[in-house]
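This report refers to the structure that appears directly beneath it.
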């Protein structure tokens, strides 16, 4: 085992194996730990997954977009981030693309993703 493998094994998050299987177009609720001073709390970020890169890898991450008060907000969550407590899949989306960056220019009904009723967990 070389030094790179030792560092990767040291920085992996044990919660990463518990994450559900999701893809771009799905609506997810990400529970993140926020530290404010000496206190910490759990904050939820609910939105549409617009990209997934290197799923399951140490450098892998996914990007979630939501609209808050008419303004689009995006956050990038690494898969092995220790602050990501839990990921819930709220709704499965039917998407034909792996990157949904076109949603940045859209709002309202044109920014919707069709629900995939046939997809099972």
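Numbering (the numbering used here), first residue to last: 7 to 127.
Just so you know, even glycine gets a beta-carbon here, dropped at the ideal spot from N, CA and C.
- Which residues does DSSP pair with residue 48 in a beta bridge? For residue 48, which the question treats as bridged, DSSP gives the partners 39.
- Query: Which one of 14, 33, 16, 13 has the shortest CA to CA distance from residue 94?
  - Reply: Looking only at 14, 33, 16, 13, the smallest Cα-Cα distance to residue 94 is reached by 33.
- Item | Beta-carbon spacing of residue 57, residue 74 below 8 Å | No, the Cβ-Cβ distance between residue 57 and residue 74 is not below 8 Å.
- Alpha carbon to alpha carbon, what distance is there between residue 7 and residue 52? In this structure, the straight-line span from the alpha carbon of residue 52 to that of residue 7 is close to 39 Å.
- Item | Assigned secondary structure, residue 100 (DSSP; H/G/I helix, E/B strand, else coil) | Residue 100: strand per DSSP, three-state reduction.
- Message: Please report the straight-line C-alpha distance between residue 90 and residue 16, rounded to a whole angstrom.
- Response: Take the alpha-carbon of residue 90 and the one of residue 16: they are about 17 Å apart.
- Query: Three-state secondary structure (DSSP) at residue 118?
  - Reply: Coil, per DSSP.
- Classify residue 9 as buried or exposed, calling it buried when 16 or more other Cβ atoms lie within 10 Å of its own Cβ. Burial check for residue 9: the Cβ neighbour count within 10 Å stays below 16, so the residue is exposed.
- Message: Please state the DSSP three-state secondary structure of residue 14.
- Response: Here residue 14 carries a helix assignment [DSSP, helix/strand/coil].
- Just how far apart, CA to CA, sit residue 120 and residue 12? The C-alpha of residue 12 is placed about 43 Å away from the C-alpha of residue 120.
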